[in-house]
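Written out below as structure tokens is the structure these notes cover.
Structural data, given as structure tokens:
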């Protein structure tokens, strides 16, 4: 009888040991649901908010610049019952600590089952305030030994990390069937693979510029009455005038310029001396205008040609080397020159201005 009692106790003790062993082999259960306790940030992709067209994939030679993670026994993670994810050690990018997170069998809580899932998580303790948002461009890498390149995936939009959203990434980077096939080159030397990430925190711009165009002016027209036209120097400038807050002058070559000398009147609109003194090498001014030579005999007759150009310290003037034939000027019957006076006119239609911040 005593022997039976002792044997019974031994069996009970053995069963108790087995029960205790099995009790501590699984994850800590959630008291509320009775299931594995989930980290809220595990559901962290933008699959419902971002269209597929915003996701970019490709192959590149350059390795990851922020962090690289090489696994020499990928199958161990695949076979482990309770290893859902592998977290790298923290690494520093910018002012923050980050962790590269790999789901070898896919993040089932983010619709990633059957895929390699890749994420990065920010250490919320490195945020300076609970309200801080850290925008970051992410590019994830998987090395392909066959191609000797890295498969990359990224989004065209920035990811916004915060206390409430500490992890972002892609639940479906590569199908496991593609990744696990040794012929494809992602798993090499039987069981090795390499993942990586670029984290780029774009700085807020400190300098900017504002380009605007004015099309309405209090006085948009300047008329130049050139007295003693026949005795002018070959190259002659008008007085300086202001339109649209910019100083200008007109330039005329009475007998033409270059190959058109003796054949045509050459006429140009120039930036004025005052403007050139304050203009920086990178400044540019767009102007749309009309150059004209009115006929003094017939008020409804005018020779006009358009300007649509950018003015700068490198290109201070624009116009026409062959604005009109000299024969029309020398023939008094045409009416363009009266009492040895030629009338030249410019009418501004649009002028740009650029403001730089800080100035």
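Residue numbers (mature numbering (1 follows the signal peptide of the UniProt record, and there is no 0)): -25 to -1, 1 to 334.
Quick reminder that beta carbons are idealized off the backbone N, C-alpha and C, glycines included.
If you're wondering where the values come from, they're calculated on a predicted model, not measured in any experiment.
- Proximity of the stretch 155 to 165 to the stretch 93 to 113 falls short of the contact definition, fewer than three beta-carbon pairs being nearer than 8 Å.
- If you look at residue 151, you'll find it in the alpha helix (DSSP H) that goes 151 to 155.
- When 44, 56, 40 and 30 are compared, the shortest CA-CA separation from residue 169 is found for 44.
- Separation of the CB atoms of residue 95 and residue 176 is rounded to 12 Å, and the pair is thereby denied contact status at 8 Å.
- Secondary structure note for residue 184: it is in no alpha helix (DSSP H), and the uninterrupted beta strand (DSSP E) holding it is 183 to 189.
- Judged by DSSP secondary structure, residue 123 falls outside any alpha helix (DSSP H); it is assigned neither H nor E.
- Here residue 85 is near residue 146, since their CB atoms are less than 7 Å apart.
- At least 7 Å separates the beta-carbon of residue 224 from that of residue 241.
- Looking at the DSSP output, residue 239 bridges to 300.
- In this structure, the straight-line span from the alpha carbon of residue 253 to that of residue 29 is close to 45 Å.
- The shortest CA-to-CA distance from residue 133 to any of 109, 181, 299 and 192 is the one to 109.
- Look at residue 233 here: in three-state DSSP terms it is helix.
- Counting only the Cα atoms, residue 296 lies some 17 Å from residue 246.
- Classified as exposed, residue 331 has fewer than 16 neighbouring CB atoms from the shown chains inside 10 Å of its CB.
- The stretch 248 to 264 and the stretch 282 to 295 touch, with three or more beta-carbon pairs separated by less than 8 Å.
- With a threshold of 16 other beta carbon atoms within 10 Å, residue 93 meets it and is buried.
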